[in-house]
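For reference, the structure discussed in these notes is given below.
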């Protein structure tokens, strides 16, 4: 670690991409890293998508402003691995990450996760939806949005997967989720706007389908402006994790590796936990007594039998969405 810190400080900076400060507490995480190691952090395209990250790695290869590290939806981490864009690396706490939540070679590894939820502005939605079935009600006309385009954004892709589970689909069949949003659009309920704190505050997206920790972040950020509430839909319980990865052509390779060590340390994991996401090392940290107990208590209670799609299922579902989303939604 001493040698890695010295090498990173010699590089002096770190390039990150698509890390909104209100996403899983990234604002505090970035500040904590800068304060701890004194590196300059160059942030680009904070409201971008996983596909934007991959595009940047390809397009900026060889340039000093290219991304060093990536935070990707699982389907996009798999495609980046297949394209040879990632550098294998295993953090010091590698053994704490379950085998099913990391690439054997270290090309990617899960970082934090959560549950797809429905968020709503209590002032504009007096009769709030509690399920995907509820979202079909005519009273929600022109109100429902995803966090981006599911062919490009991991959060939106997860929203479609959850909708599939709520409508007779499965991890092997995401098509009912695509059809669900096509039907919502045809009914006039779904609007093709990328939901975020700004669209919520403006009233443009009074109902959103998004990760629960992001919804919680919006509620905190908009306190006093919007009475934002969150519920996990009863008919489409879907949970998954995002992935960390290092670009194979990172202009600051030591800083990139130091960033990952920080994120997967107890300090970094607890900062994600503080953002109401579930860090991948949480079970091990809970057993060891190193998890922030107050932050754990603030998490929504869920059943212990939550299941996750396999990498192959995610990869196959991504291909289906890429091929059929635009055609179905028009």
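Numbering (my numbering), first residue to last: 45 to 374. Cβ atoms here follow ideal geometry from the backbone N, Cα and C, with glycine treated the same way. Values in this document were obtained by computation on a predicted structure and should not be read as measured data.
Beta-carbon proximity list for residue i, same chain, < 6 angstroms, skipping 5 on both sides
i, result
"residue 142", "none"
"residue 189", "235, 237, 239, 249, 252"
"residue 261", "66"
"residue 328", "140"
"residue 173", "162, 179"
"residue 345", "none"
"residue 259", "161, 163, 274"
"residue 210", "176, 279, 280"
"residue 166", "271, 273"
"residue 95", "196"
"residue 350", "283"
"residue 255", "158, 199"
"residue 276", "159, 161"
Cβ-based burial, residue i [other Cβ within 10 Å; buried from 16]
i, result
"residue 103", "exposed"
"residue 250", "buried"
"residue 161", "buried"
"residue 12", "Shown here, the chain extends from 45 to 374; a query on residue 12 therefore has no answer."
"residue 108", "exposed"
"residue 321", "buried"
"residue 183", "exposed"
"residue 230", "exposed"
"residue 312", "buried"
"residue 125", "buried"
"residue 100", "buried"
"residue 170", "exposed"
"residue 47", "exposed"
Cβ-based neighbour list, residue i, same chain, cut-off 8 angstroms, excluding 5 preceding and 5 following
i, result
"residue 49", "81, 302"
"residue 266", "241, 244, 245, 272"
"residue 370", "195"
"residue 128", "292"
"residue 330", "340"
"residue 227", "180"
"residue 34", "Nothing about residue 34 can be read from this structure; the chain reaches only from 45 to 374."
"residue 150", "132, 133, 134, 138"
"residue 304", "113, 133, 135, 288, 290"
"residue 247", "165, 168"
is_contact[residue i, chain B] using C-beta, thresh 8 angstroms
i, result
"residue 295", "In the structure shown, chain B cannot be found, because there is only a single protein chain."
For residue i, the three-state DSSP class (helix, strand or coil)
i, result
"residue 283", "strand"
"residue 163", "strand"
"residue 147", "coil"
"residue 75", "helix"
"residue 91", "coil"
"residue 269", "coil"
"residue 249", "coil"
"residue 340", "helix"
"residue 49", "helix"
"residue 189", "strand"
"residue 313", "helix"
"residue 225", "helix"
"residue 354", "coil"
"residue 217", "strand"
"residue 243", "helix"
"residue 176", "coil"
"residue 201", "helix"
"residue 120", "helix"
"residue 32", "The question about residue 32 has no answer, for the chain in this structure spans 45 to 374."
"residue 297", "helix"
"residue 306", "helix"
"residue 64", "coil"
"residue 374", "coil"
"residue 99", "helix"
"residue 195", "coil"
"residue 330", "helix"
"residue 209", "helix"
"residue 125", "helix"
"residue 363", "helix"
"residue 136", "coil"
Own chain residues within Cβ distance below 7 angstroms of residue i, not counting five before or after
i, result
"residue 200", "190, 191, 192, 193, 194"
"residue 204", "194, 218, 221, 222, 225, 365"
"residue 213", "219, 220, 221"
"residue 51", "298"
"residue 257", "68, 158, 319, 320, 321"
"residue 334", "310"
Beta bridge counterpart(s) of residue i as assigned by DSSP
i, result
"residue 322", "157"
"residue 171", "None, per the DSSP bridge assignment."
"residue 255", "160"
"residue 86", "59"
"residue 289", "114"
"residue 130", "291"
"residue 234", "188"
**Message:** Can you confirm whether the stretch 150–157 touches the stretch 271–288 when touching is taken to mean that 3 or more C-beta pairs between the two stretches lie within less than 8 angstroms?
**Reply:** Three or more pairs of CB atoms, one per stretch, sit closer than 8 angstroms, so the stretch 271–288 contacts the stretch 150–157.
**Touch test, the stretch 79–99 against the stretch 49–64, Cβ-Cβ under 8 angstroms, three pairs minimum** = yes
**Prompt:** Would you call the stretch 291–311 and the stretch 215–231 in contact, with 3 or more CB pairs under 8 angstroms?
**Reply:** Contact fails: fewer than three Cβ-Cβ distances are below 8 angstroms.
**Cβ contact check for the stretch 118–133 and the stretch 355–362: 3 or more pairs under 8 angstroms** = yes
**Touching by the beta-carbon criterion (3+ pairs, under 8 angstroms), the stretch 269–284 and the stretch 302–318** = no
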